[in-house]
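S.K.: Dropping a structure here in structure tokens format, bear with me for questions.
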Amino acid sequence: MAYANPGYGYGGGPGGGLLGQMPPGASNTALPPLNATGPRLSNAGQDGGSMSAGSAAGVSKEDVLRLIRTDAQFRSELRDVITEFLQPEIEKLKEELLRELPPGSAQTVDRPKLEAASIIQKEFPGSEMSPWVHQDTAGVVYGFPETIEIDVIKHNNMSYLCSVRESVDIADVVFLVRIGKLYKSINPTSSLACVIVAREIAPRAKNLADRCKMKSIIVA
């Protein structure tokens with residue numbers, strides 16, 4: 161196990177990093193803004209009502225984007241449609257990857273689930289970790305209303321947002337910064353920092369996490 165950048169911190173924490181202070185251009189690199197402009201295909205769906213993913217073909221791009229941001233049922237149906245559409249390609253890719261593995265090594269693809277409790281106790285002895293759940297009605301994190309769930313570690317008068325993932329890419333780091341800004345706006349007196357626990361972290365994600373003064377714990 162190894163960790164990087166001990167000088168982590170969100171405003172008031174060790175390292176003196178400012179809450180949500182991302183390097184210039186970082187968020188644009190990870191999450192380019194959606195272009196909501198384009199020709200109208202139909203006037204359907206402009207009355208603000210809910211619409212299923214199956215009926216979205218006859219509406220404009222603006223209508224679809226509005227539904228994604230405001231209609232939880234539409235997002236759920238759209239996710240199911242996308243998953244169903246991509247599943248054959250995913251299975252094909254899995255088969256190709258397995259064929260590339262040396263004989264007898266296929267069993268190494270599956271790894272035990274990453275358990276963070278013991279890791280957290282080793283890094284933060286005597287700490288308490290509990291889930292934080294918040295309805296982000298303003299769409300601070302994802303750009304549309306969504307339920308935000310993340311673990312919070314309490315240790316030595318500090319609060320640490322803890323993201324536990326098998327692998328981390330640059331978008332995960334960007335979202336963690338946004339969750340940190342949301343948490344700080346609700347708990348302005350809390351000294352806050354972020355911790356990432358993962359088996360793998362992409363180089364660009366690691367670079368951004370270091371620049372945002374996050375602590376990265378890499379588990380073998």
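Sequential numbering from 161 applies to the sequence shown in the numbering used here.
For glycine and all other residues, C-beta sits at the position ideal for the given N, C-alpha and C.
When you compare only the Cα positions, how much space is there between ILE330 and TYR302?
M.R.: Position 170 of the sequence shown, counted from the start, is the residue given in the question as residue 330. Position 142 of the sequence shown, counted from the start, is the residue given in the question as residue 302. Taking the straight line joining both Cα atoms gives about 14 Å.
S.K.: Could you give the first and the last residue of the continuous beta strand (DSSP E) run that contains LYS375?
M.R.: The count along the sequence shown starts at 1 and reaches residue 375 at position 215. 375-378 is the extent of the beta strand (DSSP E) around LYS375.
S.K.: Give me whichever residues DSSP pairs with GLU120 in a beta bridge.
M.R.: With the chain covering 161 to 380 only, the question about residue 120 has no answer from this structure.
S.K.: Check each candidate in ASN316, ARG364, GLN233 and name the one with the smallest Cα separation from PRO285.
M.R.: Mapped onto the sequence shown, residue 285 falls at position 125. With distances taken between Cα atoms, PRO285 lies closest to ASN316.
S.K.: Here's a check: name, in chain order, each residue in its chain whose Cβ is nearer than 6 Å to the Cβ of LYS366, leaving out the five neighbours to either side.
M.R.: The count along the sequence shown starts at 1 and reaches residue 366 at position 206. Excluding positions up to five away in sequence, the list is empty.
S.K.: Under 8 Å between the Cβ atoms of ILE313 and VAL357?
M.R.: For this step, residue 313 is matched to residue 153 along the sequence shown. For this step, residue 357 is matched to residue 197 along the sequence shown. No, these two residues do not count as a Cβ contact at 8 Å.
S.K.: Helix or strand or just coil, what does DSSP make of GLU244?
M.R.: Taking the sequence shown and counting its residues from 1, one reaches residue 244 at position 84. GLU244: helix per DSSP, three-state reduction.
S.K.: Residues in the same chain with beta-carbon distance under 8 Å from THR307, minus the five sequence neighbours each way, listed in chain order, please.
M.R.: What you label residue 307 is simply residue 147 of the sequence shown in a count that begins at 1. So the list reads VAL293, HIS294, GLN295, ASP296, once near-sequence residues are dropped.
S.K.: Ignore the nearest five residues each way along the sequence and tell me which others in ILE279's own chain have a CB closer than 8 Å to its CB.
M.R.: Stepping through the sequence shown from its first residue, residue 279 is reached at position 119. Hits under 8 Å: MET161, VAL357, ILE377, VAL379.
S.K.: Taking MET374 and CYS322 to be in contact with their CB atoms under 8 Å, please state how far apart those CB atoms are, rounded to whole angstroms.
M.R.: By 1-based counting over the sequence shown, the position of residue 374 is 214. By 1-based counting over the sequence shown, the position of residue 322 is 162. So it is not a contact: roughly 11 Å between Cβ atoms.
S.K.: Who are the near neighbours of ARG229 in its chain, counting only those whose CB is closer than 6 Å to its CB and skipping five residues on each side?
M.R.: Reading the sequence shown from its first residue, position 69 is the one you call residue 229. Only PHE304 meet the Cβ criterion.
S.K.: Quick check: the Cα distance between SER327 and LEU336, rounded to an integer number of angstroms?
M.R.: For the purposes of this step, residue 327 is taken as residue 167 along the sequence shown, with counting starting at 1. For the purposes of this step, residue 336 is taken as residue 176 along the sequence shown, with counting starting at 1. If you take the alpha carbons of SER327 and LEU336, they lie about 14 Å apart.
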